[in-house]
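First comes the structure, then the notes that go with it.
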Amino acid sequence: MLEQETLHAFVSGDERALEEVIDTYSKSLLRYCISILCDVEEAKDVLQDTFIKAYEKRRQFQLGTSMNAWLYRIAYTTAINAVRRRKLRFKLWKASEDISPAQESYISEPLYSILSSLSVADRALLYGRVLDERSYQELSHILNVSESTLRKRFERLRSRLAKEVEHRATYAKEEWV
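Residue numbers for the sequence shown follow full-length UniProt numbering, beginning at 1 and rising by one.
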């Protein structure tokens with residue numbers, strides 16, 4: 001957590017304060033972006049864009065609020081936009097190419113497959129609760145969704161994931177018999 005002095009300097013445009021913000025939050029934000037995008041290089045690009053946007057919008061940051069939640073919100077929005085662009089590129093590519101079934105089944109690891117089948121919002125929620133151990137209150141600010149809605153979504157998500165893992169384990173067992 002950054003000191004108030006650093007936050008004031010950041011809002012004022014001090015580049016050393018920006019470096020301190022980047023040093024403090026870049027690792028956790030990168031993990032967060034990777035969890036949403038499932039692509040390290042794209043996540044690095046989104047992280048860079050996140051800090052650029054944060055610096056450009058620094059005067060909108062309200063002192064006394066959480067810099068962490070503010071940055072995560074910017075990262076979330078930037079990552080969602082990247083996913084939208086990726087979907088559009090894929091649709092254009094798919095429309096212009098004949099894709100073989102072998103090319104479409106390029107994901108081989110079951111866990112990666114399960115996680116990447118989740119919506120971006122569900123991946124963000126799962127990452128925030130499980131890996132980053134964030135409270136529903138924090139996630140509510142980051143994702144701009146009420147705490148009660150997040151609780152319900154998380155319980156449904158856990159149930160759905162458990163069923164999917166069980167289904168894939170049963171299917172794999174049948175394949176080996």
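Even glycine gets a Cβ: it sits at the ideal position worked out from N, Cα and C.
Self-check item: Option in V145, I80, S140 with minimal Cα separation from S35
Solution: Out of V145, I80, S140, I80 has the C-alpha closest to the C-alpha of S35.
Quiz item: Does the beta-carbon of I52 have 16 or more other beta-carbons within 10 angstroms, so that it is buried, or is it exposed?
Solution: Per the 10 Å Cβ criterion, exposed.
Quiz item: Between V83 and T50, what straight-line distance do the alpha-carbon atoms span, to the nearest angstrom?
Solution: 14 Å
Quiz item: For V145, does the three-state DSSP call read helix, strand or coil?
Solution: Coil at V145, not helix or strand.
Quiz item: Looking only at C-alpha atoms, which of R168, R59, L71, R85 sits nearest to S113?
Solution: R168
Practice problem: Please determine, among L7, E155, R151, the residue with the shortest C-alpha to C-alpha distance to T65. | Solution: L7
Self-check item: Rounded separation between S105 and R123 - CA only
Solution: A caution first: S105 carries a pLDDT of 43, below 50, which makes its placement in the model unreliable, though a value can still be read off. The straight-line gap from Cα to Cα measures roughly 21 Å.
Quiz prompt | Bounding residues of the alpha helix (DSSP H) (the contiguous stretch that carries Y127) | solution = Y127 -> no alpha helix (DSSP H), and no H or E assigned at all.
Exercise. Give the C-beta separation of R129 and L143 to the nearest angstrom, bearing in mind that I take them to be a contact with Cβ-Cβ under 8 Å.
Key: Rounded, the Cβ-Cβ distance is 11 Å, inconsistent with contact.
Quiz item: For S117, which of helix, strand or coil comes out of DSSP?
Solution: coil
Quiz prompt | With 16 other Cβ atoms within 10 Å as the buried cut-off, status of residue 178 | solution = The structure shown does not extend to residue 178, since the chain is modelled only from 1 to 177, so the question has no answer here.
Quiz item: Hey, quick one: how far does the alpha helix (DSSP H) through R59 stretch, first residue to last?
Solution: No alpha helix (DSSP H) holds R59; DSSP gives it neither H nor E.
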